[in-house]
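Line order of the protein sequences matches chains F and H.
Per this note's numbering, the first sequence starts with residue 43, numbered consecutively.
Per this note's numbering, the second sequence starts with residue 43, numbered consecutively.
Note that CB positions come from ideal geometry on N, CA and C, so glycine has one too.
Note that the structure is predicted; figures quoted are calculated from it, not measured.
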Amino acid sequence: MSAATTTTAPIREPRSSFSERPVTVRSTPDFQFLSASGEVTVADVKVSNITMLIRREPLRVPRPLTFEEWSRLGFILLQKWEGVVVESDNDSFTAKLLDSHGKLPPHDATFSRAELPKSEHKLIEPGAPFVWTLGYRKIGNTRERASVVYFRSLPPLIESEIATAEKSAEDLRGSIGWK
Amino acid sequence: MNPRAPDAEEISVVLLGSLNPGIFHPEWFRRQEILSPQDAEEAKIKIVSPEVTEVLFLDMKLDVFPNRLVLETLDASRAEKLEDIIVNILSKLPHTPITACGLNNTIQFDLADEEYWHKIGHTLAPKDLIWNSVLEKPGMALLSVKGSLSGKFAGEINVNVAPSRKFPHGLSVSSNFHYLVPSDEKGTPRSGEVPNYVQQMWKPALEKARAVAYQIFEKIKK
């Protein structure tokens, strides 16, 4: 399959590797049309002063590859908890925690608000979902223990989603036979 | 209990469709409240243009082309952050036609044991039947296996097992949950399904590569 139809992750080369392997880049056409088969038709007005359609492959040029240059740090994930805030005060918040991999029993835990940046303090309220990951932060060839807490920021449910959830709850209640 | 944690991990989401790279500026993310003002301020812009956008924020890399959007991170602690950003992008652009969505996870293990490394390769891709007679020192470079994904979000799961590019005697296992967005009677992709797909399949997608790796370690002992 071509890259136009696959959704696999980008392929990387090792850090600091300089490769002559070409990468595909696009020109800057004035217009381009993508057919269902992935073929690109380019109308390049500015280079030729004509508007005749031309067909051409994307340019392929060599360049140095710089793996991970954009990522400061890696993370070795050891444990992930999915939390929901139960109550909070000015200094801390208490939460129910579920093991993301379903292997450990649920826990209650209390977190200091200082675990979060100030900009996220407004998100701490009963019912708010968050993620707590534990692992090693990789810094070059060294590792340090890391605990990362952040709140989820999903868009609010829309009416149709609420209606669907209510219908599911209704169906479930009906199937159990509760009154 | 799982035998070991991966020594490196990459998570990415790939969206195919008809996209406008020029809008994916950190300021747009701030205005849409997808990024906090501070995170938007700290974002690094390599390029934002109608043809291609490459922006870095929150230790994530966003690449957008007219037919492809890729958001990726090498920081596994930010997996759900990445999920939230994708869901928020999709919810802010409900009329953008998305034709396919891939949830990708690549994990790498530094085996640090050449003999065991070869044993895994020879077990997954036996050399006696074919390869020893036609190649000198045949070695497994890539094993790619495809499975189907049934249920509400029917699609396919692609799993690749390969030598690690990062560790000399390491193992890389990657999974791709590929969802081809269904179209309505007019042939328009039902892009509204994609956020639900991302949210419902996120956990299974992130667990698949681990499940494959642990199965390999379980079945192929040192």
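Partners in chain H for residue i, counting only beta-carbon separations shorter than 8 Å
| i | result |
| --- | --- |
| Pro-168(F) | Those do not exist, as Pro-168(F) stays about 20 Å from chain H at its closest Cβ, beyond 8 Å. |
| Gly-125(F) | Simply none; closest approach about 11 Å. |
| Ile-118(F) | Ala-47, Pro-48, Asp-49, Ala-50, Glu-51, Ala-118 |
Contact list for residue i against chain F, beta-carbon separation under 8 Å
| i | result |
| --- | --- |
| Ser-54(H) | Ala-51, Pro-52 |
Chain-ordered chain F contacts of residue i [CB-CB under 7 Å]
| i | result |
| --- | --- |
| Val-129(H) | Leu-196, Pro-197 |
Burial state of residue i (16 or more Cβ within 10 Å)
| i | result |
| --- | --- |
| Lys-164(F) | exposed |
| Asn-218(H) | buried |
| Gln-257(H) | exposed |
| Thr-152(F) | exposed |
| Thr-206(F) | exposed |
| Leu-199(F) | exposed |
| Lys-88(H) | exposed |
| Gly-193(H) | exposed |
| Glu-96(H) | buried |
| Val-187(H) | exposed |
| Val-176(H) | exposed |
| Ser-225(H) | exposed |
| Ala-211(F) | exposed |
| Thr-230(H) | exposed |
| His-220(H) | buried |
| Ala-121(H) | buried |
| Asn-147(H) | buried |
| Leu-171(H) | exposed |
| Gly-242(F) | Since the displayed chain F opens at 43 and closes at 221, residue 242(F) lies outside it and no answer follows. |
| Val-65(F) | Confidence at Val-65(F) is low in this model, with a pLDDT of 48, below 50, so the placement of that residue should be treated as unreliable; the coordinate-derived value is given next. Per the 10 Å Cβ criterion, exposed. |
| Arg-252(H) | buried |
| Leu-233(F) | Past the boundaries of the shown model lies residue 233(F); chain F is included only from 43 to 221, so the question cannot be answered. |
| Gln-150(H) | buried |
| Gly-219(F) | exposed |
| Phe-195(H) | buried |
| Gly-189(H) | exposed |
| Glu-125(H) | buried |
| Val-112(H) | buried |
| Glu-201(F) | exposed |
| Ile-181(F) | exposed |
Partners in chain F for residue i, counting only beta-carbon separations shorter than 9 Å
| i | result |
| --- | --- |
| Pro-246(H) | None at all; the shortest Cβ gap to chain F is about 12 Å. |
| Ser-216(H) | Thr-50, Ala-51 |
| Ser-233(H) | Residues of chain F passing the Cβ test: none, with the nearest at roughly 14 Å. |
Residues bridged to residue i (per DSSP)
| i | result |
| --- | --- |
| Phe-135(F) | Ser-130(F), Phe-153(F) |
| Trp-123(F) | Asp-141(F), Trp-174(F) |
| Gly-59(H) | Ile-140(H) |
| Pro-199(H) | The residue asked about is misnamed: residue 199(H) is Ile in this sequence, not Pro. DSSP output for Ile-199(H) lists Gly-189(H), Phe-219(H) as bridge partner(s). |
| Ser-54(H) | Glu-114(H), Asn-146(H) |
| Ala-204(H) | Ser-214(H) |
| Ile-118(F) | Tyr-178(F) |
Where residue i meets chain H, residues with beta-carbon distance less than 7 Å
| i | result |
| --- | --- |
| Val-173(F) | Glu-122 |
Chain B residues whose Cβ lies nearer than 9 Å to that of residue i
| i | result |
| --- | --- |
| Gly-177(F) | Absence of chain B from the displayed structure is noted, the protein chains being F and H. |
- Query: Going along the chain, which unbroken runs of the beta strand (DSSP E) with 3 or more residues stay wholly within the segment 139 to 194 of chain F?
  - Reply: The qualifying runs are 149 to 154, 171 to 181, 184 to 193.
- Message: Closer than 7 Å between beta carbons: that is the criterion. Which residues of the segment 131 to 155 of chain H meet it against chain F?
- Response: Of all residues in the segment 131 to 155 of chain H, only Ser-133, Ala-142, Cys-143, Gly-144, Asn-146, Thr-148 come within less than 7 Å of chain F when Cβ atoms are compared, listed by chain position.
- Segments of 3+ residues assigned as beta strand (DSSP E) that fall wholly inside the segment 130 to 165 of chain H: DSSP runs (the beta strand (DSSP E)) wholly in the segment 130 to 165 of chain H: 140 to 152.
- Task: With 9 Å as the limit, tell me which residues of the segment 143 to 162 of chain F have their beta carbon closer than that to any beta carbon of chain H; keep them in chain order.
- Result: Answer in chain order: His-143, Lys-145, Pro-159, Ser-161, Glu-162.
- Mind listing, in chain order, the continuous beta strand (DSSP E) runs of no fewer than 3 residues lying wholly within the segment 83 to 130 of chain H? Those beta strand (DSSP E) runs which fall completely within the segment 83 to 130 of chain H and span 3+ residues are 86 to 90, 95 to 99, 102 to 107, 110 to 115.
- Query: Using a beta-carbon distance cut-off of less than 8 Å, what residues from the segment 182 to 201 of chain F approach chain H?
  - Reply: The residues in question are Ala-188, Val-190, Tyr-192, Arg-194, Ser-195, Leu-196, Pro-197.
- Message: Residues of the segment 109 to 127 of chain H in Cβ contact with chain F at a cutoff of 9 Å, in chain order, please.
- Response: The segment 109 to 127 of chain H vs chain F, Cβ under 9 Å: Asn-109, Arg-110, Val-112, Glu-114, Thr-115, Leu-116, Asp-117, Ala-118, Ser-119, Arg-120, Ala-121, Glu-122, Lys-123, Glu-125, Asp-126, Ile-127.
- Message: Which complete beta strand (DSSP E) runs does the segment 207 to 261 of chain H hold, if anything under 3 residues is left out?
- Response: Secondary structure remark: continuous beta strand (DSSP E) runs of at least 3 residues inside the segment 207 to 261 of chain H, in chain order: 212 to 222.
- Within the segment 164 to 197 of chain H, ranges of the alpha helix (DSSP H) (whole runs, at least 4 residues): Complete alpha helix (DSSP H) runs here, min 4: 173 to 176.
- Message: Any C-beta of chain F within less than 9 Å: which residues of the segment 55 to 73 of chain H qualify?
- Response: So the close ones are Val-55, Val-56, Leu-57, Leu-58, Ser-60.
- Against chain H: residues of the segment 130 to 141 of chain F by CB proximity under 7 Å: Within the segment 130 to 141 of chain F, no residue has a Cβ that lies closer than 7 Å to any Cβ of chain H.
- With 9 Å as the C-beta to C-beta threshold (strictly closer), list the residues of the segment 73 to 91 of chain H near chain F in chain order. Here the close residues are Glu-75, Ile-76, Ser-78, Pro-79, Gln-80, Asp-81, Lys-86, Lys-88, Ser-91.
- Query: If you measure beta-carbon to beta-carbon, which residues of the segment 189 to 221 of chain H are closer than 7 Å to chain F?
  - Reply: If you check each beta-carbon in the segment 189 to 221 of chain H against every beta-carbon of chain F, the ones closer than 7 Å belong to Asn-200, Arg-207, Lys-208, Ser-216, Asn-218, His-220.
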